[in-house]
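Under this note's numbering, the first residue of the sequence shown carries the number 2, and numbering increases by one thereafter. Virtual Cβ for every residue (Gly too), placed ideally from N, Cα, C.
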Amino acid sequence: MTPLILVLCCAGLLVLFALAIIVLPALQRRGNLTERIVQEGYAARGLILDLTPTGNYCSGQPELAIHMRIEKPTQLPFEATAVVTVYSIHRSRFQEGIHVPVRVLEDRKGRHVVVKGTVEYP
2 MTPLILVLCC AGLLVLFALA IIVLPALQRR GNLTERIVQE GYAARGLILD LTPTGNYCSG
62 QPELAIHMRI EKPTQLPFEA TAVVTVYSIH RSRFQEGIHV PVRVLEDRKG RHVVVKGTVE
122 YP
């Protein structure tokens, strides 16, 4: 190998490693949104205001649209809707007027909510 080819190969490898160091963490952060909400979001309580079956099923379990008021002691309450899949045996836990534990993640795209006790967040 000539010295020029050796230098070009080393420079190419250096650029490849630099791109990997920059791009890979960004790709890992874009992973599953539900996991990110559970890990990085804050805990709160959601008061169920309205519960509507969507008519969809995931592995035989019903999907519900839950409209709720999210309450946290240090913040003003706000309303949010989460579409979740609920185990049929736990369906009675989700009724209007009931408080449920939730996790909330606020980012530049808005507020994201997951409800504890669902298929997505058991």
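Exercise. Cβ of residue 65 versus every heavy atom of the ligand GTP: is any distance shorter than 7 Å?
Worked result: The ligand GTP is not part of this structure, which contains no ligands at all.
Problem set entry | Beta-carbon spacing of residue 95, residue 65 below 8 Å | The criterion of a C-beta distance shorter than 8 Å is satisfied by residue 95 and residue 65.
Problem set entry | Exposure label - residue 116; buried when at least 16 CB within 10 Å | buried
For this session: Would you kindly check if the distance between the Cβ of residue 114 and the Cβ of residue 103 is under 8 Å?
Result: yes
For this session: Kindly provide the ranges of any alpha helix (DSSP H) runs that are 4 or more residues long and lie completely inside the region 41 to 110, ordered along the chain.
Result: Every candidate alpha helix (DSSP H) stretch fails here, since none sits fully inside the region 41 to 110 while reaching 4 residues.
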